[in-house]
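Numbering (the numbering used here), first residue to last: 3 to 363.
All C-beta atoms in this analysis are idealised placements derived from N, C-alpha and C, irrespective of residue type, glycine included.
Being a predicted model, the structure only gives us computed values, none of them experimental.
Only one structure is covered here, and it is reproduced in the block below.
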């Protein structure tokens, strides 16, 4: 399956990557090893020693370098071998493994699987409500045995709350809510409003509403390629907007393979809310992990088993108006991937690229 390569993806939560030991993760079908160098900077390399192809993730971090577990060669943060303990110690010219550009922000380590030069000028997508300097935050991770675009579909269409999350996040009023989808460039937004809802007890407690109170709820989902979403939920007592309470969350989908996804999610609220904000973030992490894990993931994985290796559109899905946001996102990804592949083919066929290739032979 083709992926969009010139884009920032989340490779790991910051807490997963340490200076003590390397960490293995498959990203876009590619085995990658992550660790921190002597300065604490996150490093991402192909998880393959260029000598005998041993997985570097089985090695050790020694003085900020990654030591191969098979013959002890050490690799620096740029992927080049910097130490050969054998013979006269000379390092072969091709003793290097691929190094991926990385950045660290919002409690996550991001990596760029495409052209490294493009990464230098490509900004990270903004999730400012997760800046720990100004916000209380919490992060979590769930592996999902389903294609990442199925997960995006799920988040862009929250009408499933009434059915899949009937006892946790849904209400009988959800299907009658007003839904609008919009596209701005390569960004998709879905706005949903429900009034007079009988919210589930978990949500009533989370938004500090009295038992039996009817609520008005707005849900705004924003999607950016390749699979980066934010969800803002605003809840108030029906007809009392000045008492609105807001929950903000980020959802980052990174393909592991065509049929599996790394699902990272995080919550944030302003520090000027004081202890109330800190507690709401803690509650969000506690309350939503179970619906994600026990209700969304089994459904996504069941869908993936049904689809198998077939193309999604080849199955001729019967679309509903509630699918507008998900369809927009899929079409945008198709276009971006096709444009990237076409550009790569043109560059490979350019006289400059052919001359450079001939010079290396």
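Bounds of any beta strand (DSSP E) do not take in residue 153; it lies within the alpha helix (DSSP H) bounded by 150-158. In terms of CA proximity to residue 306, 262 leads the group 262, 221, 12, 118. By the C-beta density criterion, residue 245 is exposed, having fewer than 16 other C-beta atoms within 10 angstroms. Fewer than three Cβ pairs drawn from the segment 43-56 and the segment 137-152 lie within less than 8 Å of each other, which leaves the two stretches out of contact. Spatial neighbours of residue 147 in its own chain (CB-CB distance under 7 Å, excluding positions within 5 residues in sequence) are listed in chain order as 261, 262, 303, 306. Distance from the CA atom of residue 180 to the CA atom of residue 173, rounded to whole angstroms, is 14 Å. Apart from the 5 residues on each side of it in sequence, residue 56 sits with its Cβ closer than 7 Å to the Cβ of 70, 71, 72 in its chain, given in chain order. Sequence-distant Cβ neighbours of residue 259 in its own chain, meaning closer than 6 Å and more than five residues away, are 31.
Here residue 203 has 213 as same chain residues with Cβ atoms under 8 Å from its own Cβ, once five neighbours each way along the sequence are excluded.
DSSP links residue 25 through a beta bridge to 36. The residues 33, 56, 57, 58, 99, in chain order, have a CB closer than 8 Å to that of residue 50 in the same chain once the five nearest residues on each side in sequence are set aside. Within the same chain, and ignoring the five residues on either side of residue 331 in sequence, the residues whose Cβ sits closer than 7 Å to its Cβ are 154, 158, 190, 225. With fewer than 16 other CB atoms across the displayed protein chains lying within 10 angstroms of its CB, residue 210 is exposed. According to DSSP, residue pairing for residue 264 in a beta bridge involves 145, 256.
With a beta-carbon spacing of about 4 Å, residue 220 and residue 236 fall inside the 8 Å limit used to define contacts. Excluding five sequence positions before and after residue 167, the CB atoms of its chain that fall closer than 6 Å to its own CB belong to 293, 297, given in chain order. Contact between residue 252 and residue 234 does not hold, since their C-beta atoms are separated by about 11 Å, which reaches or exceeds 8 Å. Under the DSSP assignment, residue 303 falls in the alpha helix (DSSP H) whose first and last residues are 299-309. Residue 85 holds the alpha-carbon nearest to the alpha-carbon of residue 95 among 11, 85, 317, 141. If you look at residue 176, you'll find it isn't in any alpha helix (DSSP H); DSSP assigns it neither H nor E. In summary, residue 335 is buried, with 16 or more beta-carbon neighbours lying within 10 Å of its beta-carbon over all protein chains present. In the DSSP assignment, residue 292 forms no beta bridge with any residue.
In the DSSP assignment, residue 324 falls outside any beta strand (DSSP E) and carries neither an H nor an E. Given a length threshold of 4 residues, each whole run of the alpha helix (DSSP H) inside the segment 100-127 is given here in chain order: 118-121. For residue 291, the CB contacts under 7 Å within the same chain, skipping 5 residues up- and downstream, are 142 in chain order.
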